[in-house]
């Protein structure tokens, strides 16, 4: 049985584009899918950008990568519990990844935080909440 890998990237309502990390990870995940892994990109749309972001992922991923759109935090948790991925990848986006981390934990998936922010702005941030979110994301990861 092939390993199941899911990569989560949240979207921001005003954005109608994929950032550099999303484009790079799409290519990496496509290569993993070519090598026989069962790969899914999980997106959580916000606002009216779902169709635009979906089309962009289709542009950067090959047809072997499943692109799944899930609304709401409880929907994310339920999805990760139900699917029981071998690995769940998520960015260092502080609190937006918490439902994914919780769902992956409850689904007994291994978790990998992707440190995708440019610069060390989170580590040097004066915001207690931002540091706390980053530390939670990092400490709950396996790799």
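Numbering (our numbering), first residue to last: 13 to 155.
Every residue gets a Cβ at the ideal spot worked out from N, C-alpha and C, and that includes glycine.
Computed from a prediction, not measured in an experiment: that's the story for all the values here.
* CB-CB length for residue 79 against residue 70, believed under 8 Å -> Residue mapping note: residue 79 aligns to position 67 of the chain shown, counting from 1. Residue mapping note: residue 70 aligns to position 58 of the chain shown, counting from 1. The beta-carbon distance between residue 79 and residue 70, rounded to whole angstroms, is 7 Å. This is short enough to meet the 8 Å contact definition.
* Does the distance from the CB of residue 148 to the CB of residue 116 come in under 9 Å? -> On the chain shown, residue 148 is found 136 positions in, with the first residue counted as 1. On the chain shown, residue 116 is found 104 positions in, with the first residue counted as 1. When the beta-carbon positions are compared, residue 148 and residue 116 stay at least 9 Å from each other.
* Between the C-alpha atoms of residue 97 and residue 34, what's the straight-line distance to the nearest angstrom? -> By one-based count along the chain shown, residue 97 stands at place 85. By one-based count along the chain shown, residue 34 stands at place 22. Whole-angstrom Cα-Cα distance: 20 Å.
* If you drop the 5 nearest sequence neighbours on each side, which residues of the same chain put their C-beta closer than 6 Å to that of residue 42? -> Residue 42 sits at position 30 when you count from the first residue of the chain shown. These residues qualify, in order along the chain: 73, 74, 77.
* Can you give the Cα-Cα distance for residue 36 and residue 126, rounded to whole angstroms? -> Position 24 of the chain shown, counted from the first residue, corresponds to residue 36. Position 114 of the chain shown, counted from the first residue, corresponds to residue 126. Within the model, the alpha-carbon separation for residue 36 versus residue 126 is close to 12 Å.
* Asked: Roughly how many angstroms lie between the CA atoms of residue 83 and residue 31, to the nearest whole one?
  -> In the chain shown, counting from the first residue as 1, residue 83 sits at position 71. In the chain shown, counting from the first residue as 1, residue 31 sits at position 19. The alpha-carbon of residue 83 is positioned some 20 Å away from that of residue 31.
* Determine the burial state of residue 10: buried for a count of at least 16 other Cβ atoms within 10 Å of its Cβ, exposed for fewer. => Any question about residue 10 goes unanswered here, given that the chain covers just 13 to 155.
* Indicate whether residue 65 and residue 28 have their beta-carbon atoms separated by less than 9 Å. => If you number the chain shown from 1, residue 65 lands on position 53. If you number the chain shown from 1, residue 28 lands on position 16. With a cutoff of 9 Å on beta-carbon distance, residue 65 and residue 28 are scored as near each other.
* Asked: In or out: residue 56 buried (at least 16 other Cβ within 10 Å) or exposed?
  -> Translated into the one-based positions of the chain shown, residue 56 becomes position 44. With 16 or more Cβ atoms within 10 Å of its Cβ, residue 56 is classed as buried.
* CA-to-CA distance, residue 14 to residue 21, given in whole angstroms -> Here residue 21 is taken as the residue at index 9 of the chain shown, counted from 1. Here residue 14 is taken as the residue at index 2 of the chain shown, counted from 1. Their Cα atoms are separated by approximately 23 Å.
* With DSSP collapsed to three states, give me the class of residue 102. => Start at 1 with the first residue of the chain shown, and residue 102 comes out as number 90. Of the three classes helix, strand and coil, the one that applies to residue 102 here is strand, per DSSP.
* Asked: residue 113 to residue 88, Cα distance in whole Å?
  -> The count along the chain shown starts at 1 and reaches residue 113 at position 101. The count along the chain shown starts at 1 and reaches residue 88 at position 76. Here the alpha carbon of residue 113 sits roughly 10 Å from the alpha carbon of residue 88.
* Asked: Mind checking residue 39: buried by the 16 CB within 10 Å criterion, or exposed?
  -> As a first step, residue 39 is located in the chain shown; it is residue number 27 there, counting from the start. Counting Cβ neighbours within 10 Å, residue 39 comes out exposed, since fewer than 16 surround it.
* To do: Would you kindly work out how many angstroms separate the C-alpha atoms of residue 48 and residue 17, rounded to a whole number?
  => Here residue 48 corresponds to residue number 36 of the chain shown, with the count starting at 1. Here residue 17 corresponds to residue number 5 of the chain shown, with the count starting at 1. Between residue 48 and residue 17, the C-alpha separation is close to 11 Å.
* By DSSP, does residue 46 sit in helix, in strand, or in coil? -> On the chain shown, position 34 is the one that residue 46 refers to. Note: residue 46 maps to helix in three-state DSSP.
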